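Presented below is the structure to which this report refers.
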Amino acid sequence: MHPRLLMTAQPITGLRSRNDVLASIQGGHTKTLWDCMLKAAGDARVQPPYTPRTPLPERTSGQANAGNADFHIVHAAGTRIQQAALITLLTGEQRFKDDALVQLECLFDDHQWPDWCDRSHPRPTDLRTGQFMRALGLAYDWMYTALSETQRKWFVENLDHRAIQPYLQALDQKAWWAFSKEPNNWMTCIVGGAGMAGMALGKDHPDSQRLVEEAVPRMLQYLDTLGPEGEFNECIGYSSAMRFPIEFFNVHRYWQGGGENLLASKLFRAFCDWYIHFMIPPGRQVPFGDTHHNREPYAAMFATMAAATREPRYQWFYEQYRDQGDRSDLCEELLNYDPTVPSGTPEGQMPGGRGFHAHGACWSSRTDWNPLSTACVVVGKGGHGSEMHGHHDAGTLCIDGFGKTLITEPGPPLPVYPPDFFGPERYAYYHASCIGHNVPMFGGREMRSGQHYAARILDMQFKDDAGAVWMVDTTALYGGIRRVRRGVIHLLPGIIAVLDACDLKTDEETSIRWHPAGPVKLDRSGRFILEQDGVHLEGYCRSLNQTRIRLRMRHHELRPPFNLDRLGNPLIQVNEPYLDVTLNTQTVRLVSLFSVSGRGIEPAPWRKDPSGWRLMTPTGGVRVTADDCRMTVSDDHHALSLDLDAGTCEIKPER
0 MHPRLLMTAQ PITGLRSRND VLASIQGGHT KTLWDCMLKA AGDARVQPPY TPRTPLPERT
60 SGQANAGNAD FHIVHAAGTR IQQAALITLL TGEQRFKDDA LVQLECLFDD HQWPDWCDRS
120 HPRPTDLRTG QFMRALGLAY DWMYTALSET QRKWFVENLD HRAIQPYLQA LDQKAWWAFS
180 KEPNNWMTCI VGGAGMAGMA LGKDHPDSQR LVEEAVPRML QYLDTLGPEG EFNECIGYSS
240 AMRFPIEFFN VHRYWQGGGE NLLASKLFRA FCDWYIHFMI PPGRQVPFGD THHNREPYAA
300 MFATMAAATR EPRYQWFYEQ YRDQGDRSDL CEELLNYDPT VPSGTPEGQM PGGRGFHAHG
360 ACWSSRTDWN PLSTACVVVG KGGHGSEMHG HHDAGTLCID GFGKTLITEP GPPLPVYPPD
420 FFGPERYAYY HASCIGHNVP MFGGREMRSG QHYAARILDM QFKDDAGAVW MVDTTALYGG
480 IRRVRRGVIH LLPGIIAVLD ACDLKTDEET SIRWHPAGPV KLDRSGRFIL EQDGVHLEGY
540 CRSLNQTRIR LRMRHHELRP PFNLDRLGNP LIQVNEPYLD VTLNTQTVRL VSLFSVSGRG
600 IEPAPWRKDP SGWRLMTPTG GVRVTADDCR MTVSDDHHAL SLDLDAGTCE IKPER
């Protein structure tokens, strides 16, 4: 009986029926979503059907001119059909069904849509095929009762020809994404999308059961890739791909008519908590690895998780950060959002600082859980030399303050990946190279690649009213170096101190880079100041062992042949600025000090004194002492210290 995916035709305990959905759209946030959907679908109806050459605000002209089936146009076409199908189901209005059929007819036309794959991806099936199977599967279920038998047959035959048979062919060919021992977002998108199509088609397709049976064990196995504390196995920006298993198991529960609520399990909840820790006010993801700058979170999956767990933090996260842009999914939100779940801030429920050990081994420390503007957020990572969508960035550090990016990283090449970015030439691009990250580099040599070259977390401590101390050993990622260790102290609200201790085999140039989010004022004393819309970052770099250091502001530059995207168009020349701190010595002991000041507060300079450095802040004096491999940062309330030789750290009250 249809509908059966994300809503039921008849009441079933624990699931939402069509009547429940109709009641929910009469008021509150769900009505807002419904009104947005009606407007979006109404606007789409007056447009010609989308083709790979349709320009969209979020698409590059290169993608449209090439007629490439990129994410944006596939998402737009699939969303148009889904929304029209859902509105047809809930209102019975013929005009929306007609628009869905017009877009479907265009999609099924080999001349207008020659490929259901991105041309840069291997055939016969890719992420775009998975997107279409998911979207059209749900649309078929929702529009089923409005379609004639002839229209259903036409729908199924064309979906089979364009997506299902190529998918089954790929399985028979042992496609890497379906059989990899380390599955990633390709598997969850493609296999999960095919499984959802199978649930929708049921008896109308002879292979529907196989589609489901191929998907369920793989999607369950995929959960094993998560770390014990919910850590995702790709970079933070790609962790939004957990929406695929979250949606899949939600749809699967409806398909089964109820049963186990897998989304309420400990592992899904652990992932959500991990994800929340790496969201920076006012709503962007930490820019590690192939994460685009200002990438918004995929908050829609938190509406699903809040409904499944009744966890107030997840409802809060969804309501604060829901995407209203081109990546939004109004259908998913409308059908999964439960207004009876209370919304509650993480303040007092989740620690402000936390570190993780698996995969990228990321950590974060924040002043508070204000979703729009907290005084300071510091994030860093360990990791290894073969993270999926990761860079050579083990040990890196980023700083945000009062809703502004201050110390950051370049992210991936723009607007789309180069053709060789996932091959041997990956680190010829500064975006992936250690050159493009806030880490040491020795003699101009690259970090090592391979999962067995991994950073080692030495120790970490977090205290909500004091801050965080974190230490990492990245020696294994470098060749020919005796020891590379970094310690970071974040004293709340906005003091950050970094101690780099590197022991080389001989005198050699060491370069340590800091990437500010904009131009800085730099003087000969080692002081630099960044201003971002009234928010200031005061910085200072100094060697502990009297080694002469050189500070220069430089800019990254793309150079041929590594300056073209995968369609052959020029990459965007961003020319990101960075502060290059260089030393020529065998023993590196470098202190980097930062302080964050809010709007209307004049930044105070770091001042040297016999014991170290002092800084006056609006909340009182701060003292930093450092001696070889030890460092302490203190104020009138707390002392945060680390010892890189011993590999220990401590947070204690200041006497």
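With numbering that gives the first Met the number 0 applied, the sequence shown corresponds to residues 0 to 654, in that order. Note that beta-carbon positions come from the ideal geometry of N, C-alpha and C, so glycine has one too. Please read all numbers here as calculations on a predicted model, not as lab measurements.
Which one of the options has the shortest CA to CA distance from residue i?
i: I434; options: S179, T187, Y577 and S610; result: Y577
i: K152; options: E181, K202 and Q172; result: K202
i: R44; options: P609, Q82 and R541; result: Q82
i: P48; options: R321, N18, D97 and V621; result: D97
i: V378; options: P515, M349 and H489; result: H489
i: R94; options: W368, L37 and W176; result: L37
i: N184; options: L222, Q150 and R321; result: L222
i: G381; options: T308, V487 and A306; result: V487
i: C628; options: M349, L614, G611 and G646; result: G646
i: A200; options: H1, H637, W513 and T631; result: In the sequence as displayed, the identity of residue 200 is Leu instead of Ala. Closest by alpha carbon: H1.
i: T581; options: P559, P439, D337 and D635; result: P439
i: H637; options: W175, P652 and F243; result: P652
i: A138; options: M186, Q111, L89 and W175; result: L89
i: V573; options: Y320, V590, R549 and H554; result: H554
i: G236; options: E386, S342, A145 and W315; result: E386
Does the Cβ-Cβ distance between residue i and residue j come in under 7 Å?
i: D506; j: T404; result: no
i: A169; j: P123; result: yes
i: A357; j: E332; result: no
i: A134; j: G77; result: yes
i: A99; j: A84; result: yes
i: M6; j: T87; result: no
i: V340; j: R312; result: no
i: Q460; j: C648; result: yes
i: A306; j: D328; result: no
i: C234; j: G389; result: yes
i: G525; j: L550; result: yes
i: M195; j: V155; result: no
Leaving out the 5 sequence neighbours to the left and right, which residues in its chain are closer than 7 Å to residue i when beta-carbon positions are compared?
i: S238; result: F231 and Y274
i: D502; result: R481, R482 and T586
i: N157; result: F107
i: F131; result: V73, G77, W115 and A162
i: P286; result: H292, C397, T407, E408 and G410
i: T373; result: P280, R365, T366 and D367
i: L371; result: P280, P281 and G402
i: I80; result: A99, Q102, L103, A134, L135 and A138
In whole angstroms, give me the CA-to-CA distance for residue i and residue j.
i: R17; j: A8; result: 6 Å
i: M470; j: L266; result: 27 Å
i: E57; j: G347; result: 38 Å
i: R547; j: T624; result: 20 Å
i: I72; j: L543; result: 54 Å
i: D42; j: P617; result: 52 Å
i: Q62; j: T50; result: 12 Å
i: G620; j: P345; result: 30 Å
i: E104; j: W112; result: 10 Å
i: S23; j: L14; result: 14 Å
i: Y428; j: F420; result: 8 Å
i: Y297; j: D117; result: 22 Å
i: N437; j: D322; result: 30 Å
i: Q46; j: D19; result: 32 Å
i: L614; j: S591; result: 14 Å
i: A177; j: Y166; result: 10 Å
i: P10; j: Y320; result: 32 Å
Among the residues of its own chain, which have a CB less than 6 Å from the CB of residue i, if the five just before and after it don't count?
i: S119; result: R565
i: G597; result: F401
i: G533; result: R598
i: D608; result: none
Can you list, in chain order, the residues of its chain whose CB lies under 8 Å from that of residue i, leaving out five sequence neighbours each side?
i: R570; result: For the record, residue 570 in the displayed sequence is Leu; it is not Arg. Cβ within range, chain order: P412, L413, P414, P417, L557, N562, L563 and D564.
i: S60; result: P54
i: D34; result: none
i: I245; result: L262, F267, M300, T303 and M304
Within the present structure, is the beta-carbon of residue i separated from the nearest heavy atom of the ligand NAD by less than 6 Å?
i: H110; result: By its list of ligands, the structure shown contains no ligand whatsoever, and the ligand NAD lies outside what it can speak to.
Query raised in the report: Is there contact here, the region 484–500 with the region 391–401, by at least three beta-carbon pairs under 8 Å?
Result: yes
Requested in this report: Would you check if there are 3 or more beta carbon pairs closer than 8 Å linking the region 263–272 to the region 289–296?
Outcome: no
**Report entry** Cβ pair count under 8 Å reaching 3, the region 446–457 against the region 468–476
**Finding:** yes
Query - Three-pair Cβ contact test at 8 Å for the region 187–199 versus the region 207–221 - result: yes
Query raised in the report: Three or more beta-carbon pairs under 8 Å between the region 333–342 and the region 25–42, yes or no?
Result: yes
Query raised in the report: Does the region 463–470 come close enough to the region 437–449 that 3 or more CB-CB pairs lie under 8 Å?
Result: no
Query raised in the report: Does the region 357–370 come close enough to the region 164–180 to have 3 or more Cβ pairs within less than 8 Å?
Result: no
Query - the region 514–526 touching the region 535–544, judged by at least three CB pairs closer than 8 Å - result: yes
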